[in-house]
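Asker: Right, I'll just put the structure down here and ask away after.
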Amino acid sequence: MIIELERGRQATLDQIRDLAVRFGNRVELSEGTGVYDTVHIIGDSREFASRESYILGLPGVRAAWQPTGGYKNIARVVRGNEGKALHRERRVVEVKGLDGKARRFGGGKHIFVCGPDSPQTLEQTLATARMAREVGEKFGILDRVMLRGGAFKPRTRPTDWRGLGMKGIAIMDAAREETGLPYVTEVMDQNLVEQIGAHADMLQIGTRNAQNFDLLEAVGRFGKPAILKRGFGNEAEEWFYSAEYIANQGNLDIVLCERGMKTLYTKGGYCRNQPDLNACTFARKQTILPIIFDPSHVAGDHRIVAENLMAACGHLVDGSITETVHTEAWRREQLCDAGQALVMDQYSILVEAVLEYETHVAPKMKAILRMLGTD
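Residue numbering for the sequence shown follows our numbering, beginning at 272 and increasing consecutively.
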């Protein structure tokens, strides 16, 4: 639920907050540019919304809005009592690093998340992290670079290597300590959310766990920013409902990630998963959440990762998460998804290409969307 409140009405804001806490909700206040601020009631707000008449009678309350879809916390469009539609501002999700810089997903600039599929050795992970930092420094975008690395690996075959577990988390911690770059890592078990979350700057829910509802709720309760990958067999709305499971626990710091679908058309060997780029645009229109793209898992082949990422830029994604290796020689040593990882030297050129697109082409794309009324 969203409430428009006249600025300076602290007593009313306190009443709203007390009522929200009573029903297990969290309150966020967004300052407007005029005389009204916006109060967001986060979580399962059905009980709170049943007091709408009382809320509308509080001093300084101008209007109350209800989301129109089933994913109420993250919906882009809400409606008032008269049926008037309001388009909510898209959310910015911040992840802060030890370097004192905040990475802002949805802040208007592409965020680059890169690193090994999984940390196997300290030397390998540190080398990749140092090179990631060098990319950020080279292009003056250090506040837009993050690390990734899966210490816990969900594998199709139970005999495949499944990561180093908490030893891998310790390696990612060391990479962050040296470079200052924050990192995201996957969590697969609801019972490990707090243990992993005590280390990682951002938690990832992978495609196989996109409808693991207990895990989604545990991540929501923990409260750290999260990347939610779309399930490889999920429709877009199922993806949004999964995000709502997180949001219903009071955590709106969610970044959606499109990573491709398993279809009849992925059997020819030319891609691993079929990218659904239209889903990126649909997510931007239907939700307030930032949307990023995974060019590695849609490719399965490092030779077509760059093309996939550049194609996603045309859909104005807020960032990307790309698997990288520090040297070509390491590819032979990598125990998981070696074929879809870009060498860091190549990744640096790709970053430059994305920045060129962002400067010269993206403004024209946005102008077209404004003309079409679809921005």
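Here a beta-carbon is modelled for each residue, glycine too, at the ideal position from N, C-alpha and C. None of these values were measured; they are calculated from a predicted model.
Would Met402 and Met272 qualify as a contact pair, given that the criterion is a beta-carbon distance under 8 Å?
Answerer: no
Asker: Which of the three DSSP states is assigned to Phe294 in this structure?
Answerer: Phe294 falls in the coil class under three-state DSSP.
Asker: Name the DSSP beta bridge partners of Phe383, please?
Answerer: Val416, Ser591
Asker: At the level of alpha carbons, what is the spacing between Gln391 and Ala356?
Answerer: 51 Å
Asker: Which same chain residues end up closer than 7 Å to Val306 when comparing Cβ atoms and leaving out the 5 residues on each side of it in sequence?
Answerer: These residues qualify, in order along the chain: Glu277, Arg278.
Asker: Is the segment 534 to 549 touching the segment 357 to 365, taking contact as three or more C-beta pairs under 8 Å?
Answerer: no
Asker: If you measure between the beta carbons of Ala518 and Ile345, is that distance less than 8 Å?
Answerer: A Cβ-Cβ contact shorter than 8 Å links Ala518 with Ile345.
Asker: Mind checking which residues open and close the beta strand (DSSP E) that includes Ala335?
Answerer: 332 to 338
Asker: So the candidates are Phe564, Gly354, Gln466; which of them puts its Cα closest to the Cα of Arg501?
Answerer: Selected option, being the one with the closest Cα: Phe564.
Asker: Evaluate Tyr541 with the Cβ neighbour count: other Cβ atoms within 10 Å of its Cβ, from every protein chain shown; 16 or more gives buried, anything less gives exposed.
Answerer: Exposed is the label assigned to Tyr541, since fewer than 16 other Cβ atoms lie within 10 Å of its Cβ.
Asker: With a CB to CB cut of under 6 Å and the five nearest residues on each side skipped, what residues in its chain are close to Asn522?
Answerer: Here the set comprises Gly491, Gly494.
Asker: How about Gln557 and Gly314: do their beta carbons lie closer than 8 Å?
Answerer: no
Asker: Quick check: the Cα distance between Gly434 and Arg375, rounded to an integer number of angstroms?
Answerer: When rounded, the distance between both Cα atoms is 29 Å.
Asker: Since Phe511 sits in a beta bridge, which residues does DSSP pair it with?
Answerer: Paired residues: none, contrary to the question.
Asker: Can you tell me which residues form a DSSP beta bridge with Gly389?
Answerer: First, the amino acid is wrong: residue 389 is Ser here, not Gly. In the DSSP output, where bridge partners are listed per residue, Ser389 has none listed.
Asker: State yes or no: is the C-beta of Thr396 within less than 8 Å of the C-beta of Met443?
Answerer: yes
Asker: Can you find at least 3 beta carbon pairs, one from the segment 504 to 512 and one from the segment 542 to 554, that sit closer than 8 Å?
Answerer: yes
Asker: With Tyr528 and Ile498 assumed to form a contact (beta carbons below 8 Å), what rounded beta-carbon distance in angstroms separates them?
Answerer: According to the sequence as given, residue 528 is Cys; it is not Tyr. Their Cβ separation, rounded to whole angstroms, is 5 Å, which keeps Cys528 and Ile498 in contact under 8 Å.
Asker: How about Leu561 and Val526: do their beta carbons lie closer than 8 Å?
Answerer: A quick correction: the sequence has Pro, not Leu, at residue 561. Contact: yes.
Asker: Whose C-alpha, out of Leu640, Gln617, Lys637, Ala638, is nearest the C-alpha of Val406?
Answerer: Gln617
Asker: Measuring alpha carbon to alpha carbon, tell me which residue in Phe553, Ala398, Ile476 is nearest Arg347.
Answerer: Selection Phe553, Ala398, Ile476 evaluated against Arg347 yields Phe553 as nearest (Cα-Cα).
Asker: Since Ile274 is in the beta strand (DSSP E), which residue starts that stretch and which ends it?
Answerer: 273 to 277
Asker: Sorted by chain position, which residues of the same chain lie with C-beta nearer than 6 Å to Ile467's C-beta, five sequence neighbours on each side aside?
Answerer: Val458
Asker: Just the C-alpha distance for Val384 and Thr456, rounded to the nearest angstrom, thanks.
Answerer: 11 Å
Asker: With the cut-off set at 8 Å, would you say Met473 and Pro453 are in Cβ contact?
Answerer: In this structure, Pro453 lies closer than 8 Å to Met473 by Cβ.
Asker: Where are the alpha helix (DSSP H) runs, 4 residues long or more, that stay fully inside the segment 568 to 614, in chain order?
Answerer: Correct list: 576 to 584.
Asker: Determine, using beta carbons only, whether Ser316 and Asp308 come nearer to each other than 8 Å.
Answerer: Cβ atoms of Ser316 and Asp308: not closer than 8 Å.
Asker: Determine the contact status of His573 and Gly539, defining contact as a CB-CB distance below 8 Å.
Answerer: no
Asker: What distance in whole Å lies between the Cβ atoms of Ala446 and Ala514, which are believed to be in contact at a cut-off of 8 Å?
Answerer: So it is not a contact: roughly 28 Å between Cβ atoms.
Asker: Closer than 6 Å by C-beta to Ile651: which residues in its own chain qualify, once you throw out the five before and the five after it? Chain order, please.
Answerer: With the chain running from 272 to 646 in the structure shown, residue 651 is simply not present.
Asker: Tell me whether the beta-carbon of Thr478 lies closer than 8 Å to the beta-carbon of Arg530.
Answerer: yes
Asker: Could you check which residue in Arg359, Gly411, Arg419 has the C-alpha nearest to that of Gly386?
Answerer: The residue among Arg359, Gly411, Arg419 with its C-alpha nearest the C-alpha of Gly386 is Arg419.
Asker: Report all residues from its chain with a CB closer than 8 Å to the CB of Asp646; omit the five preceding and five following residues, and keep chain order.
Answerer: Lys637, Leu640
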